[in-house]
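Read through the structure below, which is laid out as structure tokens, and then see the notes.
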């Protein structure tokens with residue numbers, strides 16, 4: 007994921023020694039790459055210094071967090087719909103103000119959109135049984 011101002015790149019690295027999200031400064035005078043956190047995958051930037059990441063648990067529900075690149079603070083983003091956690095894929099709007107994701111609270115996968123803080127969940131699709139299921143989502 008590229009920060010809105012193009013100054014920072016967040017990448018997910020996976021190899022035999024482990025996995026994690028790395029922050030890479032771009033341009034003249036950029037700081038050296040640094041590991042932000044093991045076990046999280048970047049979704050996108052909410053703003054120039056705030057990255058939205060998802061957990062990569064071996065088991066259990068997927069979680070999203072807003073992580074400050076300057077202070078390291080992490081704030082959970084609640085995304086449950088009907089008590090059901092989201093599934094991947096997850097997309098962040100280019101302006102960083104909304105998050106789209108998939109969930110299946112009634113056993114049928116549909117798309118939802120929420121504000122970047124997890125409030126105001128609204129369905130984007132409402133497919134019923136034996137019709138369609140959403141398999142992917144992007145925002146532009």
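Residue numbers (my numbering): 7 to 146.
Glycine included, every Cβ here is placed at the ideal spot set by N, Cα and C.
Note that the coordinates shown come from a computational prediction; the quantities given were computed from them, not determined experimentally.
{"Item": "Please look up how many angstroms separate the CB atoms of residue 96 and residue 60, rounded, as I've assumed it's under 8 Å.", "Value": "6 Å"}
{"Item": "Can you tell me whether DSSP reads residue 21 as helix, strand or coil?", "Value": "strand"}
{"Item": "May I ask you to verify whether the region 19-35 touches the region 77-84, counting CB pairs closer than 8 Å and requiring at least 3?", "Value": "no"}
{"Item": "Secondary structure at residue 120, three-state DSSP: helix, strand or coil?", "Value": "strand"}
{"Item": "Suppose you measure from the CA of residue 137 to the CA of residue 43; what does that come to, to the nearest Å?", "Value": "40 Å"}
{"Item": "Beta-carbon within less than 6 Å of residue 103's beta-carbon, same chain only, minus the 5 sequence neighbours each way: which residues are those?", "Value": "122"}
{"Item": "Out of 131, 100 and 26, state which residue places its alpha-carbon closest to the alpha-carbon of residue 109.", "Value": "131"}
{"Item": "So residue 116 and residue 129 are in contact, right, with Cβ under 8 Å, and what is the actual spacing, rounded?", "Value": "6 Å"}
{"Item": "Name the residue from 119, 126, 113 and 58 whose alpha carbon lies nearest to the alpha carbon of residue 134.", "Value": "113"}
{"Item": "How many Å lie between residue 56 and residue 139 at the Cα?", "Value": "32 Å"}
{"Item": "In angstroms with no decimal places, state the Cα-to-Cα distance between residue 142 and residue 118.", "Value": "11 Å"}
{"Item": "Quick one, which of 17, 19, 111 and 46 has its alpha-carbon nearest residue 80's?", "Value": "46"}
{"Item": "Going by beta carbon distance, what residues of the same chain come within less than 8 Å of residue 54, once the five residues before and after it are set aside?", "Value": "9, 10, 11, 13 and 14"}
{"Item": "Do you know how far the Cα of residue 124 is from the Cα of residue 7?", "Value": "20 Å"}
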